[in-house]
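Report on the structure given below.
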Amino acid sequence: MIPIEYYLSLSAFMFIVGVVGVLTRRNAIIVFMSIELMLNSANLTLVAFSSYLGNPIGQIFVFFVMTVAAAEAAIGLAIIISLFRNKKTVNIDEINILKW
Amino acid sequence: MSQPLAYFFDSLYLIKPETSIIGFLVLILLYDLIFKKEKWLPYISLFGLVVTLFLIIEQYGYNKFAFQSSTNFGMMAIDPFGAFFKIIILLSSIIVILFSILSKELDVARDRMGEYYTLIFGMILGMFLMVSASDLILIYIAVELVSLSSFVLAGFLKNDSRSSEASLKYIIFGGVSSGIMLFGISILYGITGTTNLYEMNSLLQNFDSTNILMILTMILIFAGIGYKISAVPFHFWTPDVYEGAPVTITAYLSVASKAAGIVLLIRLIKSTFVSQKDTFGYWEMIPAFDWQGFLIIISILTMTIGNFSALWQSNVKRMLAYSSIAHAGYILAAIAVLSDQGLVGVMVYFIIYLLMNLGAFLIVIVIKNKINSEELEDYDGLGYRMPLVGVAFTIFLISLTGIPPTAGFIGKLYVFIALVDAKMLVLAVIMLLNSVVSLYYYVRILKHLYLNKPKAETTDIELSFSLKLFILVLAVPNIIFGLYFAPILEFVKTSLIILGI
Amino acid sequence: MTELIYLTVLLPLIGFLINGLFGSKIKNEKIIGTIGSGAIGLSFIVVLLILIETLGKPADQRVTIVTLFQWMKVGNLDISIAYQVDQLSILMALIVTGIGFLIHVYSIGYMHGDKGFWRFFAYLNLFIFAMMNLILADNFVLLFLGWEGVGLCSYLLIGFWYDRKFEKSTTASAAKKAFVINRIGDFGFLLGIFLIYMTFGSLNFTEVFTAANHIPVDESVVSFIALFLFIGAIGKSAQIPLFVWLPDAMAGPTPVSALIHAATMVTAGVYMVARCSIFYAMAPTIMMVVAIIGLLTAMFAATIGLVQNDIKKVLAYSTVSQLGYMFLALGVGAFTSGIFHVMTHAFFKALLFLGAGSVIHGMHHEQNIQKYGGLKKYMPVTFITFLIACIAIAGIPPFSGFFSKDEILWYSYAKGNFLFWLIGALTALITAFYMFRLLSLTFFGKERFDKHHVHPHESPKVMTVPLIILAFFSIVAGFIGIPEVFSGEGGNQIKNWLAPVFADAHSKKITYGMPSHFVEILLMVISVAGAAAAIWLARHVYLTKPGLADQIANRMKKGYSVLLNKYYVDEIYNKLIVQPIYKVSDGFLFKFTDVKIIDGTINRTASLIDLFSNNIKRIQTGVAQFYAIIMMIGIVIALFWIIVSLI
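Residue numbers (my numbering), protein chains in the order written: chain A, 36 to 135; chain B, 61 to 561; chain C, 549 to 1195.
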């Protein structure tokens, strides 16, 4: 059996990739993808712990997270489309009329 | 009937308010689909809220779990403390729906108002769950439900680029925060093997050392909650979203969703980390995480940065956004006391904050309706053109500053007393100094209203009778509760029952 | 019934709100006047019913505390809006609402046609509201609120005719003077309250007084409490050295002078000292101070009253002098007599002021008594009622003033010493003299006014009826306090009524054996004979031989001008206190401390804050990713900080 540390390392790595993606990519769609990556890293942790502890709650949780992630992605894309209609861009650093 | 099924039906009885909200959400959705008429929607919504209010009052005294599991702990805690905040959320929802009827800003979207009210009901449902949740799964879902609805509402004026921008920033920031929170939750699940807060508490009781992983998870989870209550450094979305979103939604976010976030934080601390309560109502904490030190630092940062950033704002909505950050700081200071007296401070503060903050936003809406601007320099001389608005705004701003004889003073007083009683004098003094700073920007609005000459020749602006009445309904209690606040205190003290220790 | 006491506070407040908010829109004087007087009249009826109910109860159950709501509870400090209904507060409430009602009615006539008619009634109602809080309060905080409230109303009403001239300056500056001088007294009062809270840990009357009675407290502490409270009373009740505001307060409309500056507000100091009698009983030194200040004030003000020519000024000094009597009574431990004199004085002094108002009204706002004369036939009702009041204040039996004043004189001898009695009696003679001088110059003798322009006339019914009622009470009010030497043991009704209130204080104070009845009657006869002689002398000087007064004045020029200029007290205060303070504050406090140090510091701080806030808000760059970065940094710092603090 694969030890739990492997899963956790992978998920931590995924989480960091997600965070770095959010912080560095300019394109809003890629930023959203990075956020999904963060959520999925959490999912991986939950499933790993669930199987390690022999307790089904973690797996149940994952289903809820997936649903929420789907909803979030849908809303995010809708907002990006709406913004693109107004500004003709999806680059986050160009979207800054609200500041200070 | 089998035992689990009996539990289930008992629980349905306990979540009547939530059920009622769901029912009306569906009703509004169907009505909008079938009739496509905006006219009756707000009244159906108001009716739904009033019904729910009655249901909450009816089950006010309950103090038990809904959806119990085999371990005798449940998914939701139905207690007077939760009911108190549900009432606050409902009151602010009622007021905000009334705002929405008035607001001219929403006129461009009148054909889509069905969605608007549906989303507001979605938010209310999410906040109700946040208030009652005692399980990490439910907490996460509730937070997301509130967030997702409010992302859309913030960008509701989709042809306005500011509104869309606010929405995008909100969702990116919200997505990241809730992602971080979820990661924290997943680790917490790994450490304890459960998602139930009360079960976690009984597991942690004999936990006497600090664990770095535990600290990590708490900070990560706090990122999600801190973003909801806009605590520094998770506050950055607040000014931008508040400025860009429709005023009605800004008002709503600044009161209701903040209240829900605060309750979530209190419940997390209270049901997970308290080992016992001493006779004076101070909580003895499980040493897994230094909540007090952490909250003190966060609260000082929050109030200071909120107030200082507000000083030079030229947009009133944005100024109120910073001011609401500062108020979150005061409330966090009261939570940091970690005692029942601190909670009294929080609860008193929230009732009053509801009145004064929504009042201030109402004035912003009224002025925006009349002069179509939220810029401070366009407010010049308005105090004379709209006498009632000027006087009411003065009351709200003085109340927000916390000067007697307004209600705001009482709110600050109780937080202050809690701090002094707990010998947290430094925090108390910092809070006082912050109030002094806040006086400056609140009074700056008054200066524009009364002392600055308007740029062009102007005429008096008339308000309709119902609008005047509405303004008075919010303004008069700000004075009355400043002088006679025994009923608030009474209500707060009877509501100070949190399920658990 | 007693629970309804809140109505007596609420009704004037409602009257104030109606007249204050809508008065300018109502315009109809009848409606405004009816609302204003009606509110007070109803309050009076409520108090009267409470009195009747209380009379039916046994003497030891006459104290009721009516708690409306808890106002704040902070630690030990528990302050409620609660009213203490007992013998003392009922008596005071009767005076305030009863006389207040009459004066309200009178004002409908007196203020007729004034452009601030509604404002006047709103203020008067507000005053009654504050005054009722003052006398009914069951704790020091509420008492202080009422105390400040009446001060505010006094300020507003003195400056009521803010656009008129008063003497050398304006009514506004007279109002300001009253306000500032009252502040000095209030400061002492506040210190007293703080000291009480420090000593007894409560501000509730019952708790504090019970504690003071039973727990041994250092005498010096009690002395300081008593002294500070007395300083407050000095300011409010216009005693030496803070009496200078009261004569200037005559700038207000005459009904105001009658209500606030004669019958009610100025007696608040007397009430407060009587309420706190236990402290004074425990501090004999301070009691002596009270007695001496009262005595000196009585004498001092009476002599000034001798030569004043403004009808209201004479009455003002007479008020100061009578207030001195009341403090003399309190100072020798005759608390009942002090309160008794508050009551009788309220009747005859209100009557005098209202009578003076009637004269002023009839004489087209002329106030100089040298320009009156022979008004008897023009204003018969005013004349007769005024005459009754003069007899009452002069202390001629069986009018009310005789009983209360004589009791004070008697106790100042019995419990004080002969010198107290002598000065007190002398003051009584002077009082009789200047009151009849006033009467003679106003109503008798030659008509010294310009008959072509001034046509004296009797005032309307709405003004004369209150005069008649007050005159009636000026005659009979004394009968509730017939000295025991005539009425027998326990025959003094008011003494029996108030006895429980002062029982503790009396038990604390050491009393010496009382002199015999013979001495009492002898002293009484002497003072009455003296007063009669003074009256005769006044008539002789001012009526039979006009010109005699001028001759005397010429012969004693120095003394006369000292009196006429009120012993130059105002000028002395100006030279010794106001000017130096002004110079120091301008030269040092303002130009150096304020401009350089305080402003400098504030400006520096402000610019620092400015800089700080400008930089802080720059963090908000508007780019969402930047926000996320800072948030991450925040999380990392928090984590790092907590972990480091663990190691």
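All C-beta atoms in this analysis are idealised placements derived from N, C-alpha and C, irrespective of residue type, glycine included. All values derive from a computational prediction rather than experimental measurement.
With DSSP as the reference, label residue i as helix, strand or coil.
| i | result |
| --- | --- |
| Thr178(B) | helix |
| Asp195(B) | strand |
| Ser290(B) | coil |
| Asn1040(C) | coil |
| Met345(B) | strand |
| Ser524(B) | coil |
| Asp686(C) | coil |
| Leu777(C) | helix |
| Asp481(B) | helix |
| Trp1084(C) | helix |
| Ile613(C) | strand |
| Gly921(C) | coil |
| Tyr865(C) | helix |
| Thr461(B) | helix |
| Ile826(C) | helix |
| Val855(C) | coil |
| Tyr710(C) | coil |
| Glu995(C) | coil |
| Ser238(B) | helix |
| Glu696(C) | helix |
For residue i, which residues in chain C fall below 9 Å Cβ to Cβ?
| i | result |
| --- | --- |
| Ile232(B) | Ala1172, Gln1173, Tyr1175, Ala1176 |
| Val497(B) | Ile1157, Ser1161 |
| Ser369(B) | Ser1161, Ile1164, Lys1165, Ile1167, Gln1168 |
| Asp300(B) | Gln1168, Gly1170, Ala1172, Tyr1175 |
What do you reckon, are the CB atoms on residue i and residue j nearer than 8 Å?
| i | j | result |
| --- | --- | --- |
| Val449(B) | Ile531(B) | yes |
| Pro803(C) | Tyr865(C) | no |
| Leu1018(C) | Phe895(C) | yes |
| Phe778(C) | Val838(C) | yes |
| Ile788(C) | Trp666(C) | no |
| Ala630(C) | Val653(C) | no |
| Thr556(C) | Val611(C) | no |
| Met927(C) | Phe997(C) | no |
| Ile744(C) | Leu738(C) | no |
| Ser246(B) | Leu74(A) | no |
| Leu115(B) | Thr178(B) | no |
| Leu273(B) | Ile251(B) | yes |
| Ser637(C) | Leu684(C) | yes |
Which chain B residues are close to residue i, counting only those with a beta carbon under 8 Å from its beta carbon?
| i | result |
| --- | --- |
| Ile92(A) | Ile197, Tyr249, Thr254, Thr255 |
| Ile942(C) | The amino acid at residue 942(C) is misidentified as Ile; the sequence shows Ala. What Ala942(C) touches in chain B: nothing, since even the nearest Cβ is about 47 Å away. |
| Leu1187(C) | Ile275, Leu276, Ile279 |
Below 7 Å on C-beta distance, what does residue i contact in chain C?
| i | result |
| --- | --- |
| Pro77(B) | None at all; the shortest Cβ gap to chain C is about 31 Å. |
| Trp372(B) | Ser1161, Asn1162, Lys1165 |
So, does the CB of residue i fall closer than 8 Å to a CB anywhere in chain F?
| i | result |
| --- | --- |
| Phe951(C) | The displayed structure is made up of protein chains A, B and C, and chain F is not among them. |
In chain B, which residues lie with their C-beta within 7 Å of the C-beta of residue i?
| i | result |
| --- | --- |
| Gly1182(C) | Pro293 |
| Ser44(A) | By Cβ distance, chain B contributes nothing, its closest Cβ being about 13 Å from Ser44(A), past 7 Å. |
| Gln618(C) | Ala546 |
Could you work out which residues of chain A lie near residue i, taking near to mean beta carbons separated by less than 9 Å?
| i | result |
| --- | --- |
| Ala226(B) | Leu133 |
For residue i, return the contacting residues in chain A, with the cut-off set at a CB-CB distance below 7 Å.
| i | result |
| --- | --- |
| Leu242(B) | Leu74, Ala77, Val100 |
Name the chain C residues that come within less than 8 Å of residue i, Cβ to Cβ?
| i | result |
| --- | --- |
| Ala283(B) | Met1179, Ile1183 |
Fill in: alpha helix (DSSP H) segments (min. 4 residues) lying fully within the region 576-607 of chain C
As far as the region 576-607 of chain C is concerned, its whole alpha helix (DSSP H) runs of at least 4 residues are 577-603.
Discussion item. Against chain C, which members of the region 111-132 of chain A pass a CB distance test of less than 8 Å?
Written reply: Of all residues in the region 111-132 of chain A, those with a C-beta nearer than 8 Å to a C-beta of chain C are Ile127, Asp128, Ile130, Asn131, Ile132, reading in chain order.
Practice prompt. Closer than 7 Å, Cβ to Cβ, to anything on chain C: give me those residues from the region 50-67 of chain A, in chain order.
Written response: From the region 50-67 of chain A, only Val54, Val57, Leu58 have a Cβ closer than 7 Å to chain C.
Discussion item. At a CB distance below 7 Å, what residues from the region 316-340 of chain B approach chain C? Give them in sequence order.
Written reply: Listed in sequence order: no entries.
Worksheet item: Got a sec: which bits of the region 436-454 of chain B sit with their beta carbon under 7 Å from any beta carbon on chain A, in order along the chain?
Response: Against chain A - using a Cβ distance shorter than 7 Å - the region 436-454 of chain B contributes no residues.
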